[in-house]
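Numbering that gives the first Met the number 0 applies: residue 0 is where the sequence shown begins, and numbers increase by one.
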Amino acid sequence: MTNAGRWAVAAFALAAGLALLAGCASAGSEPKTGLLRVDVPLREPAWVSGEGVLLALGEDRRSVVRVDVGEAAPGSRPTVRSEEFGDLGENLAVSPEEPKRAYLPRPGSGEISVLDTDTLRVVEGYEIGDSPSYVTLDVQTEVLFALSGDGSKVSSVELETPEEVPAVEVGGGSETIVEAPEKGLDPAFWTSGPDGVVFYGGDPLERMVEERIEATDMAVDLSSMQRAYVATGARVVALEGDPEDFLEGRLVAVKSRNLNEKVEHVASDELHVFAATEHELVAMRRESLEVVESVGFGRLLEREGIEPDRISGITVGKEDVYLTFQGEPYVLSVKKP
């Protein structure tokens, strides 16, 4: 080959390489994942609508933490505010209709404290008894539900009145969780745990339908009160009641998706169901559970020397999904599809 030929080949290779690099830079100009370092490991994050903020419980079980994720760049330390409490339950709930108010179960005092989501100060409280440990809010009917620490009963209070509603015996255990739908004219809630998934509704509230499925986590559908998404082993299962009989029959597994890895947490928004495994976040269409996108984050954690025992919580923001990790003071953000 002549010198001219060699120069032509070299020039072509250089141009191809620059084009490839340009494509990579373009594709990576808005990375799908980002890490924010915080002061303490967090659990059970909750999104504060319209604020660019998430609230979470400190893993130490003594503090509520406010993380300003909207202003923080990946890899930086976001603005963090925390407040200590003498007794904390397993989660907190924030209303999308009233994002300035967060509901915090206080099992030691038998009440639900209402926090200002800016200052984290207690602004109100509801005496509810039964050592409330896990809370959820039925947004449309404005009823707050609280699961007792032993998982045996769900107490509730009408926020507008506030009138206490008789507790419902649910017969759960320490791994039971409770979730309320955002839609529906009457108060309702779901429970899930190792023994199955149950829907409670009606006036008065009663056990309506159930499915014997070992559930490790659950997310309710934001458009339908009679649909929920359950993590069970490596699968995500969409459960529904009989639409024509309004949950008078058994719950039915209408859709299922095997992700080939244990699903640790699930969450949903108006378009998608999100499932977090040890190494990736999978986004699925809410109607069909068809996989839209899978974003791996295992290598990112490994590169940063982060070795969590498990994922300690998930919440869905406006543009990102956020994960927290047991034993590691980080928040992982993953861009929505």
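Glycine included, each C-beta is placed from N, C-alpha and C at the ideal position. Quick caveat, the model's predicted, so the values are computed rather than measured.
Item                                                                                                                                                                                                : Value
Thinking C-beta only, is residue 164 closer than 9 Å to residue 221?                                                                                                                                : no
Pull up the CB-CB distance for residue 312 and residue 264, whole angstroms please, since I reckon it's below 8 Å.                                                                                  : 7 Å
Here's a check: name, in chain order, each residue in its chain whose Cβ is nearer than 6 Å to the Cβ of residue 20, leaving out the five neighbours to either side.                                : Here the model assigns residue 20 a pLDDT of 32, short of 50, so the residue's position is not dependable, and the following value carries that caveat. Taken in chain order, the list of residues that qualify is empty.
Please state whether DSSP places residue 184 in a helix, a strand or coil.                                                                                                                          : coil
Does residue 301 pass the burial test, meaning 16 or more other C-beta atoms within 10 Å, or should it be called exposed?                                                                           : exposed
Does residue 284 come out as helix, strand or coil in the three-state DSSP assignment?                                                                                                              : strand
Is there contact between the stretch 82 to 92 and the stretch 134 to 154, where contact requires at least three CB pairs shorter than 8 Å?                                                          : yes
Out of curiosity, what's the CA-to-CA distance linking residue 115 and residue 105?                                                                                                                 : 16 Å
Going along the chain, which residues of its own chain have a beta-carbon closer than 6 Å to the beta-carbon of residue 178, five neighbours each way excluded?                                     : 135, 189, 217, 219
On the premise that residue 212 lies in contact with residue 195, defined as a C-beta separation below 8 Å, what is that separation, rounded to the nearest angstrom?                               : 6 Å
Straight-line CA distance for residue 192 to residue 181?                                                                                                                                           : 21 Å
If residue 303 and residue 34 are in contact, beta carbons under 8 Å, what's the gap, nearest whole angstrom?                                                                                       : 6 Å
Tell me which same chain residues have a C-beta within less than 7 Å of the C-beta of residue 314, skipping the five on either side of it?                                                          : 44, 45, 46, 53, 266, 321
Since residue 314 sits in a beta bridge, which residues does DSSP pair it with?                                                                                                                     : 321
What three-state label does DSSP hand residue 298 in the structure shown?                                                                                                                           : helix
Got a sec, what are the start and stop residues for the beta strand (DSSP E) residue 254 sits in?                                                                                                   : 251 to 257
Is it buried or exposed for residue 323, if we count other Cβ within 10 angstroms and need 16 for buried?                                                                                           : buried
With residue 237 as the anchor, note down where its beta strand (DSSP E) starts and where it stops.                                                                                                 : 234 to 239
For residue 95, which of 84, 50, 83 has the nearest alpha-carbon?                                                                                                                                   : 50
Let me check one thing: in DSSP terms, what residues is residue 84 bridge-paired to?                                                                                                                : Answer by DSSP bridge pairing: none, since residue 84 is not bridged.
Extract the residue ranges of the beta strand (DSSP E) inside the stretch 131 to 219, only unbroken runs of 3 or more that lie entirely within it.                                                  : 131 to 137, 142 to 147, 152 to 157, 162 to 168, 176 to 178, 188 to 192, 195 to 200, 205 to 210, 216 to 219
Could you pull out every residue in the same chain whose Cβ sits closer than 7 Å to the Cβ of residue 67, ignoring the five residues on either side in sequence?                                    : 51, 52, 77, 78
Assuming residue 235 contacts residue 274 under a Cβ cut-off of 8 Å, what Cβ separation, rounded to an integer in Å, is found between them?                                                         : 5 Å
Looking at the strands, I want to know which residues DSSP matches up with residue 35.                                                                                                              : 330
Could you tell me which residues DSSP puts in a beta bridge with residue 124?                                                                                                                       : 112
Pick out whichever of 201, 113, 331, 146 has its Cα sitting closest to the Cα of residue 176.                                                                                                       : 146
Pick from 98, 280, 150, 138: whose alpha carbon is nearest that of residue 119?                                                                                                                     : 98
Under 8 Å Cβ to Cβ from residue 161, same chain only, skipping five residues before and after it: list those, please.                                                                               : 125
So which of 174, 319, 140 has the shortest CA-CA distance to residue 340?                                                                                                                           : The structure shown does not extend to residue 340, since the chain spans only 0 to 336, so no value can be given for it.
Starting from the C-beta of residue 113, find all residues in its chain whose C-beta is less than 8 Å away, skip the five residues before and the five after it, and write them out in chain order. : 100, 101, 102, 103, 121, 122, 123, 124, 125
So, helix, strand or coil for residue 43, using DSSP?                                                                                                                                               : strand
When you compare only the Cα positions, how much space is there between residue 328 and residue 208?                                                                                                : 40 Å
Straight-line CA distance for residue 117 to residue 38?                                                                                                                                            : 18 Å
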